[in-house]
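Encoded as structure tokens, the structure appears first; notes follow it.
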Amino acid sequence: MRPHIREKKSFTFTEVPENTSFEAGYLTTVNSGWRSIRPVIDTAKCVGCEQCYLYCPDGVIAIKDGKAVIDYDFCKGCGICAKICKIGAIGMEAERK
Amino acid sequence: MRPHIREKKSFTFTEVPENTSFEAGYLTTVNSGWRSIRPVIDTAKCVGCEQCYLYCPDGVIAIKDGKAVIDYDFCKGCGICAKICKIGAIGMEAERK
Amino acid sequence: MIEILWLGRGGQGAFTAAKLLGAAYTIGADEKYALAFPSFGPERRGAPVRAFTKLDSKPVVDRSQTEKADYIVILDDTLYSPNLRSLLREGGRIVVNSKSAIDGALTFNAEGIAAEHKLPTVNTVMLGLLVGLSGAVSADNAADAIKGYMPTKIQERNIAALRRAAQEVSE
Amino acid sequence: MIEILWLGRGGQGAFTAAKLLGAAYTIGADEKYALAFPSFGPERRGAPVRAFTKLDSKPVVDRSQTEKADYIVILDDTLYSPNLRSLLREGGRIVVNSKSAIDGALTFNAEGIAAEHKLPTVNTVMLGLLVGLSGAVSADNAADAIKGYMPTKIQERNIAALRRAAQEVSE
Amino acid sequence: MSNKVADSISREEFFYGHKACAGCGGSLAVRAALKVLGQNAVSVLPAGCMSAVGFNFPQLCFSNNSIISTFAGTASMLTGVEAGLRAKGYKDFTAVGFAGDGGTADIGIQALSGAIDRNDNIIYICYDNEAYMNTGIQKSGLTPFGAKTTTTPAGANIHGNIRPKKNMFEIAAAHDIPYAATASVGYIADFIAKVQKASQIKGTKYIHVIAPCPTGWGIAPDETVNIAREVVDCGLWYLAEYENGEFTLNHKPKEFTDVESYLKKQGRFKHLSDEDIRIINESRDRKWEHINKTFGYKNSL
Amino acid sequence: MSNKVADSISREEFFYGHKACAGCGGSLAVRAALKVLGQNAVSVLPAGCMSAVGFNFPQLCFSNNSIISTFAGTASMLTGVEAGLRAKGYKDFTAVGFAGDGGTADIGIQALSGAIDRNDNIIYICYDNEAYMNTGIQKSGLTPFGAKTTTTPAGANIHGNIRPKKNMFEIAAAHDIPYAATASVGYIADFIAKVQKASQIKGTKYIHVIAPCPTGWGIAPDETVNIAREVVDCGLWYLAEYENGEFTLNHKPKEFTDVESYLKKQGRFKHLSDEDIRIINESRDRKWEHINKTFGYKNSL
Amino acid sequence: MKKFLSGNEAFAEGIRLARPQVISAYPITPQTIVVERLSEMVEDGSLTAEYVHVESEHSALSCAIGASAAGARAFTATSSQGLLYMAECLYYAAGGRFPIVMMNADRSTALPWNIYGDQRDSLSQLDSGWIQAYAENAQEALDLALMSYRIAEDKRVSTPYMANLDGFVLTHTYETVDIPTREQADSFLPPYETDNRIDFENPRNMAFSAGPDTNYIFKYKEQEGVLAARKVISETEAAFARTFGRQYTGLTENYLTDDVDYIIVTLGSIAGLCRETADKLRGQGVKAGVVRIRYMRPFPNDEIADVLRNAKAYAVLEKDISFGNEGTVFTNVNSALKKAGAAVNGSNYIGGLGGRNISAADIENIYTDIANGATGVNFIGIGGEDNV
Amino acid sequence: MKKFLSGNEAFAEGIRLARPQVISAYPITPQTIVVERLSEMVEDGSLTAEYVHVESEHSALSCAIGASAAGARAFTATSSQGLLYMAECLYYAAGGRFPIVMMNADRSTALPWNIYGDQRDSLSQLDSGWIQAYAENAQEALDLALMSYRIAEDKRVSTPYMANLDGFVLTHTYETVDIPTREQADSFLPPYETDNRIDFENPRNMAFSAGPDTNYIFKYKEQEGVLAARKVISETEAAFARTFGRQYTGLTENYLTDDVDYIIVTLGSIAGLCRETADKLRGQGVKAGVVRIRYMRPFPNDEIADVLRNAKAYAVLEKDISFGNEGTVFTNVNSALKKAGAAVNGSNYIGGLGGRNISAADIENIYTDIANGATGVNFIGIGGEDNV
Ligand SMILES: Cc1ncc(C[n+]2csc(CCOP(=O)(O)OP(=O)(O)O)c2C)c(N)n1
Ligand SMILES: Cc1ncc(C[n+]2csc(CCOP(=O)(O)OP(=O)(O)O)c2C)c(N)n1
Ligand code: SF4
Ligand code: SF4
Ligand code: SF4
Ligand code: SF4
Ligand code: SF4
Ligand code: SF4
Ligand SMILES: [Mg+2]
Ligand SMILES: [Mg+2]
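Residue numbers (the numbering used here), protein chains in the order written: chain P, 36 to 132; chain B, 36 to 132; chain V, 233 to 403; chain H, 233 to 403; chain R, 11 to 311; chain C, 11 to 311; chain A, 119 to 506; chain L, 119 to 506.
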């Protein structure tokens, strides 16, 4: 299973670990707030070549049913995928304003 | 001048330096007590080739008037000079007993 | 004491604005004291960051992050959230760079002004707005601060933008 | 308390002798305590070194170097000096490995005994002499100490040399 | 459409939700390597961007067992982890380190050199972003000649860093390490293949991967991969391996792209004079002369 | 009868009255090097035999300016001394370090690597006695395969040290240092010539000199020079230089003397089995294959 | 000239004016800005110095020691992990009596990792033989930079000097700072002259060994050197006041302690808020006061005892804990009082660990607590979870 | 089985019995014998462990931390410069709560260089979060080696443990030592179990960062762990007595303190001579006593105050000085008394620096001195040269 955002985000005195060891891959904050632009997949164009998946530094692209899909919780909008996709199936759009 | 043994060997409270810096090459103890055998130069044989001078780890051999001479204060009697001297001008003799 | 909370993204110059305000406030004045500091932490480029300016007539000794601000200045409207109101002192105001109106906040098209002056960031524009709105420092002192703390070749454009923004709100 | 000061050169095994004596003294005995230690320092092979053994019927708590010894045992006569007498307790004795007599010291040709037993060093011979002279430990216990603390293949020769030396002085 | 490279590595993500800058090349390197090594990888990361962005309790971004080491201690902690797990009876795991250029070539080189000397069974990956980035872009031993950093400012008197880049790959090779390789995140398949190969060799493995840092290099976040390719294409970096005492070049650009164009794309090189660029070109040519003379060749791209 | 080598160096003694063991090879190396560099040499020595035997207040055995550094800090202190003297306006001096194998290849490699990387104007001489001698003969990164030390005991289960010797010379060369060389106190003229050469080159110089330790190697004190020759003659060590990016061999024994005979003279190798010796022979041959392939040749003996 | 500067920048300005000849630089948050600014000054020529990019903090200080042994004025800066990584060299520099100046940005130490300001780093190195000063604000930081060399290099002292700035809240916080002129600075601080150096006329052997017969004498003289700083600091501050018009107050700074019941003893940048709180409480009729420790070494035993002995209670507020005991400042203060035979009640407040904020309310609580007879070791923010 | 062993050898025997799984070894006088003996045990098969020849002490402890993080029992040993060189890792291990055991051979620290025994090395690292024990003789050294893991690994404690042996006078001095059997040892010390480790079923992220919001909680828990050792040490000593028949006395060991006027507080191997001197003085009608501190961390505040409060005077005799103040043990003891409101007169004797001998006469002088009302900091062997 892909890492995901957890419900429990804050830790009381007793919940803070006794040592510096804790569950691997425990996520409490998303990165979506980092984006000012977002990648959008044109599923019509996407051929599922997985180049974007391989090069995304954040690992937020997966291929589902032969098409790239993005986990917008953690995509930072860097735009690498859009440049990597040779056939232009990814466009960068303004986040919101 | 070759380093030599000094008269002043012990240091009072005020003479101990304020920092860890002191006159270079200041010698207060000799090494002659280390020897159980001593190198003796056969000046008749010695041709002053300086090989023993070059290889003595303690630097206690000098060439004076074309012949090797040894500073017995600091010679440790290792015997390297005797082995180096190809013409056998150095013999090792028991120190005293 | 007047406290200003600045919100921006790493690289947008929110902290520069915070610093310029502090410098402007204390220029040539003896009984004026200021602190300015960024939010400290391992934030990276792209992450939202905060900065703080505190202005007072006596030395500012509380070096902790502002908990109740007189002004919250937001350099990027994606960072606006209604929760921010809890950080506002009574009578305090939120100023946002935005093309559209936001309920409970003053919005300005700072990007527009910045673009007019060929500036890649809106920080001095937002500073100008704050100067105009708060009157905490004069536009002249703010311009002097820019002269003292920004690279020479971009001073003029920033000063112009700042004055333009300050005027915008005094009008 | 009996205190023994050992003098030798690095490599001659003075400290081993000091240790063997301590071990021998405490073997199987409940109310016997010993300390043994070398002189500490950056001495190199060839340099004169010292070692110490302290024997007592109660725990030995003074870990400092012996200032007044009951016996000074010298493994190499080039290390003998009359000044050593100042380190001797009243009635104390100096024992030297030497072919020639030395005023104020007991000399023995330990090298001879060592050679008889094909030993490269005289340390166990000197230990044997001390054992015989002092009676502080029995030759049997000293032999046991050698068994406990020396490599198997040299035990026999060392024990024989030790017994021979001990006998030499009891004769 | 199936992608052989993608199929050769895990579909799981092991470095996720981290706070690296958008477009960070280092995070791409770490992500890709862990997808090769899988869930039995135990990662050791010293102080540096990757640990700083990945381990802020309670936001913990590694899905595999991972631990931060002291800045100097990547390799020595790897040694301990590997020895400890072995002592506990584990066999099926890979101890892998991810250290930055500063953590590798400067403060960490003692421990790295020691681990190679012992031939500890570990993989050490240096993600090279050519400066101390986590502390705000200071010169490291791997900062290239001419680069402006916050401790090698470029002004009228000094044009940025005056020293060339230390050659960690050849230094590792001079230790007669079982396996060493260079890579670039711009050629991810090559990097992935090298991590794969390393995971199958016993003893110490060293992989040096160029991982551009948009923040420190002064490029747009979406330029990371392109610039990581260009540094190889213009010949300022090269893809190679060292194995069984032999060097092998893995990619011989038919013709180098323009060095100046590579440099001038980046904020850190903007100030370079023609003379500076001539020096850089010359040193590239000298390097390639050496490579052509002493390296074998086997294309891997 | 005049001796050209003796005439080429100072008649003064700069390392005198020290407490090194009789026949110590390290002290011979230090003595000879200082007679080349003369009274304006500033020596930096880390913890190790040479500082331990030379600096016991009030017995101070260096006649030139000399200072002990921390064990890890030879090169970094050299850097500071050189920079400080330069800042004070001095021009005519040589900052020279004398560090043991442990102080060089293990704990000191970070600072050494850093100094080479900066190309600081210093000479770094590693006197290699192949173990931590000052603390009583423990294995270092430069202890050769098979050697018995107090931390690599030779018994029924393990035959002494199981790892080969780190190649510091090639590691220094991989830094693209202006000058690096290997030497042996057995061939003192060659060593002296190399120190002389180093003193005339600007930038960082590294000289690695084999300096047998009778105490640690288990040989008679008068065998130091002979064994230091034999290690070269039997091919387990070699005399070479690295300069302008090129390796040069300085001495090609016509025929190697017997490795076993070299080994069996020494207490530390007494226990070696035929198989162990076969491994050593093989690795020597492999090394020489590499040397013959990649080194130039210029006889210096 | 007045400028709006951060603590780090102010310190760098002070160092520029002090003309160090060798600077060894290694980055670590929150110190890095200092060496960045210095690199710019060297580039633009406003400072003439050898700027060495070292490969670690151990090398940073080792290089500075080498430079000082060459007779040059040396500077370096660090923080936290870096301070610990160079620990061996701290003792080395002090034992060799090399008057190096180092800025330390006070920061928490791992584990857990944390880049924020507490004082466990420098306080853990109290025994190293360095003079330790703690600045309260950017102006004092700059002034300490200037005074540091004069104090450290004084022949009676010859001791390295560590100037501590609270991480972020001081190092990264901008305030107005008065920068002296080059002329003023040069008139205040003469060039470094020493015989503890390499000398081609009179060659030296340095940093040697000393056996049991003399070692303790070296150590005694080292102790004397640090203690002599007590006098030299006050002389230097007097000269500083003459030149620059700002008067400092020696090893401690007292506030409202003439007629006082409750005193907070603290150090660093939190002192201002303590004083403000004391003001507030005075307004409410509570006789509150503050002692700010400016120097932890030499330790102001008498200064502290003299003030605290007449109070009803004191609290030591510190960003530090010596695990298995209490805050180190508390231990030192208690010893001072014990020796002075002062029986006044004291307690310890551990705050600000890992950068946790200490608020005005926290400080007010401390005063209330000690007025109510509190004792023992208290972690601000933790209550009742367990016995400490 | 009784054997005539040095302190180092005895400690190595204890470690063999404790079955460490990873040993990282680096030489330094006077510790080296320990790792030499362990290498022989690994070679001859009497100990099964990964023996790692590390390249420095920083790596030694870093490696041990890695091994502990893997869930293995880890051991290393060092001294002096080595302890300082690994300082960063000391804090790291403690903050991560890794129950590593390390032997430290107490030795002087440079400059000047000196290989002899004083306690400035370990005492300078009191704040590091490690439990610190000081052995008096070889038997206690061996016994501490065995007890150390049981204390450190106790879930309530989870704290690294430093066992200190005085350099040379203990490490290199031979005495009779009783070596327990393998069976006894195994019954006393269970294997190490922890969840503070790499776990392939339940992957962990370890040694992470914690910001201002939680960092102080980690630090508080770290403090709790060290303090919990107080109880666990006494439980462990009780169990040790049951298995091996030797009873230890917790954080301190008192001698003739029931009806006492003059007390020397000290630590390490000099305590025996202090007791012998106390005996002698008792014979002369002087009510002399000795408190030996066995653990500096956790610090025995109550134990010390309880005994000293009824005396007429005490002296703290220590091989340590915190430059610019006084001996660190003195500071700690004074704080304990201050907190307990004990007004008894105390003074500080700094002895044994750089291996200088402390003689029976020196100790007798201390008793005489304090009976005469001595105060302040006194360097044994130095008198009247200057004020300290
Ligand atoms: C001993 C020590 N010194 C300094 C630091 C501060 N520090 C943390 S990360 C870092 C920079 C790391 O640079 P690099 O290794 O290149 O990794 P990057 O940040 O570029 O990924 C520094 C200097 C530290 N944590 N420990
Ligand atoms: C940090 C530190 N660790 C350990 C030591 C102890 N030590 C001093 S000299 C030495 C051995 C030196 O070995 P090497 O460098 O080979 O020189 P040699 O003694 O063989 O001449 C050691 C381990 C030290 N002084 N400092
Ligand atoms: S690179 Fe383009 S075509 Fe390929 S999977 Fe991604 S979006 Fe689809
Ligand atoms: S924009 Fe960047 S983070 Fe987002 S999916 Fe594309 S490559 Fe990944
Ligand atoms: S080697 Fe022989 S011949 Fe030559 S100088 Fe020496 S003694 Fe004379
Ligand atoms: S015996 Fe050794 S020390 Fe003496 S002169 Fe000959 S070589 Fe030199
Ligand atoms: S600063 Fe550079 S290396 Fe660090 S996280 Fe950002 S992009 Fe990556
Ligand atoms: S032990 Fe070896 S290296 Fe050290 S002084 Fe003796 S002979 Fe020289
Ligand atoms: Mg980097
Ligand atoms: Mg060596």
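For each residue, glycine too, the CB sits at the ideal point set by N, CA and C. Keep in mind that this is a model prediction, so the values were computed, not measured.
Does P314 of chain H come out as helix, strand or coil in the three-state DSSP assignment?
Three-state result, P314 of chain H: helix.
For K43 of chain B and chain H, any beta-carbon pair shorter than 8 Å?
Judged by the 8 Å Cβ criterion, K43 of chain B is not in contact with chain H.
Rounded to whole angstroms, what's the CA-CA distance from I306 of chain H to G240 of chain H? Just pull it up for me.
Those two C-alpha atoms are separated by around 6 Å.
Compare the Cα-Cα distances from Q341 of chain L to each of P:R41, P:I40, P:N54 and P:E50 and report the closest residue.
Looking at the Cα atoms, P:N54 is the closest of the given residues.
Mapping the DSSP letters down to three states, classify A254 of chain V as helix, strand or coil.
In the sequence as presented, Ala is not what sits at residue 254 of chain V; that position holds Gly. Here G254 of chain V sits in helix by DSSP.
Looking at C-alpha atoms only, which residue of A:G213, A:I141, A:A195 and A:G459 is the closest neighbour of V91 of chain C?
Checked all of A:G213, A:I141, A:A195 and A:G459; the closest Cα to V91 of chain C is A:I141.
Check the Cβ of F318 of chain L against every Cβ in chain R and list those closer than 8 Å, keeping chain order.
Near F318 of chain L (Cβ distances below 8 Å), the residues of chain R are Q49, N50, N75, Y100 and F103.
Name, please, each residue of chain P whose Cβ falls closer than 7 Å to the Cβ of M324 of chain L.
Around M324 of chain L, the beta-carbon contacts reaching into chain P at under 7 Å are T55 and S56.
Beta-bridge partners of A185 of chain L, as assigned by DSSP
According to DSSP, which records beta bridges pairwise, A185 of chain L is partnered with nothing at all.
First and last residue of the uninterrupted beta strand (DSSP E) at D138 of chain R
Its beta strand (DSSP E) spans residues I133 to D138.
Burial state of Y61 of chain P (16 or more Cβ within 10 Å):
So Y61 of chain P counts as buried.
Proximal residues, the region 93-127 of chain B versus chain H, C-beta separation under 7 Å
Cβ contacts with chain H come from K111.
For G245 of chain V, would you say it is in contact with chain P, using Cβ-to-Cβ distances shorter than 8 Å as the test?
No, G245 of chain V does not count as interfacial toward chain P.
What residues in its chain sit with their C-beta under 6 Å from that of K251 of chain V, if we drop five residues either side in the sequence?
By the criterion of a C-beta distance shorter than 6 Å, K251 of chain V is surrounded in its chain by A268, once the five residues flanking it on both sides are discounted.
Should the region 189-205 of chain R be regarded as contacting the region 228-241 of chain R, the criterion being three or more beta carbon pairs within less than 8 Å?
Result yes; three or more Cβ-Cβ pairs closer than 8 Å.
For the region 286-309 of chain L, which residues have a beta carbon sitting closer than 9 Å to at least one beta carbon of chain H?
Correct list: F286, V287, L288, H290, T291, Y292, E293 and T294.
Closest by C-alpha distance to E541 of chain A, when choosing among A:G363, A:Q243, A:R268 and A:I382
Nothing about residue 541 of chain A can be reported from this structure: the residues present for chain A run from 119 to 506 only.
Residues near ligand 5, CB to any non-hydrogen atom under 6 Å, in chain order?
Those residues are B:I76, B:C81, B:V82, B:G83, B:C84, B:E85, B:Q86, B:C87, B:A103, B:I119, B:C120, B:I122, B:A124 and B:I125, given in chain order.
Taking only the alpha-carbon atoms, compute the straight-line gap between V506 of chain L and V152 of chain A and give it to the nearest angstrom.
Residue placement at V506 of chain L cannot be trusted, given a pLDDT of 37 that sits under 50; what the coordinates show is reported in the next sentence. If you take the alpha carbons of V506 of chain L and V152 of chain A, they lie about 36 Å apart.
Beta strand (DSSP E) runs wholly inside the region 174-236 of chain L, at least 3 long, in chain order
If we require 3 residues or more, the beta strand (DSSP E) runs fully inside the region 174-236 of chain L come out as 192-196 and 219-224.
Quick one: list the residues of chain E neighbouring P280 of chain H, beta-carbon separation under 8 Å, in chain order.
In the structure shown, chain E cannot be found, because the protein chains are P, B, V, H, R, C, A and L.
Pick helix, strand or coil for S53 of chain R, following the three-state DSSP scheme.
Reduced to three states, the DSSP call for S53 of chain R is strand.
Rounded separation between D504 of chain A and G343 of chain L - CA only:
With a pLDDT of 46 at D504 of chain A, under the threshold of 50, the modelled position of that residue is not reliable, and the figure given next carries that caveat. One C-alpha to the other measures close to 11 Å.
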